[in-house]
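See below for the structure under consideration.
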Ligand SMILES: [Zn+2]
C-alpha cells in the first residue's frame, strides 16, 4: 500500500510532493506520508498559539486551486511506524502544515472545508 501511495504521489506532475493520505490513493486507512515518512494512525495536538494563514494547494483539488488555510504553527505529532511502534515528535514549519493538511484528508476534509479559496499567485 505504501509503495502504491508513493507511486501516486510521485506520478503528480506539479507541486512539491510533500505528502499524501491513504484515502487519496484509494485506501480506507488512517495512513499518510509526510515528507517521505509513513505515519500510521497519526494524531496531531496543536499548540494554543494563534494559527498562521498558509497558502496551500492539493492534488485532490487541481493545480489552479489555492487556499488560505489557518494552521497551527507547531504541535505534537503521535504516530505508529509500519512495524506498529509508537513515536512522538514536536513538529513545526512546513512539516506541521503538511501534517495538518494530510490529517484533514484522513478526517474526510480538504482545503475546501478548512480554508477559503484565493487567486493562484502569478508565476
Ligand atoms: Zn491534499
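In my numbering, the protein residues as written are 1 to 123. Don't be surprised by glycine CBs; every beta carbon is placed ideally from N, CA and C. Quantities reported herein were computed from a predicted structural model and do not represent experimental measurements.
With the cut-off set at 8 Å, would you say residue i and residue j are in Cβ contact?
i: residue 32; j: residue 67; result: no
i: residue 79; j: residue 39; result: yes
i: residue 37; j: residue 52; result: no
i: residue 109; j: residue 35; result: no
i: residue 49; j: residue 73; result: yes
i: residue 12; j: residue 59; result: yes
Looking only at its chain, what residues have a beta carbon closer than 6 Å to the beta carbon of residue i, apart from the 5 residues adjacent to it on each side?
i: residue 41; result: 30, 80
i: residue 114; result: 69, 104
Below 8 Å on the Cβ atoms is my guess for residue i versus residue j; work out the distance and round it to an integer in Å.
i: residue 44; j: residue 77; result: 5 Å
Could you tell me if the beta carbon of residue i falls within a distance shorter than 7 Å of some heavy atom in ligand 1?
i: residue 58; result: yes
Once DSSP output is grouped into helix, strand and coil, what is the label at residue i?
i: residue 21; result: strand
i: residue 116; result: strand
i: residue 95; result: helix
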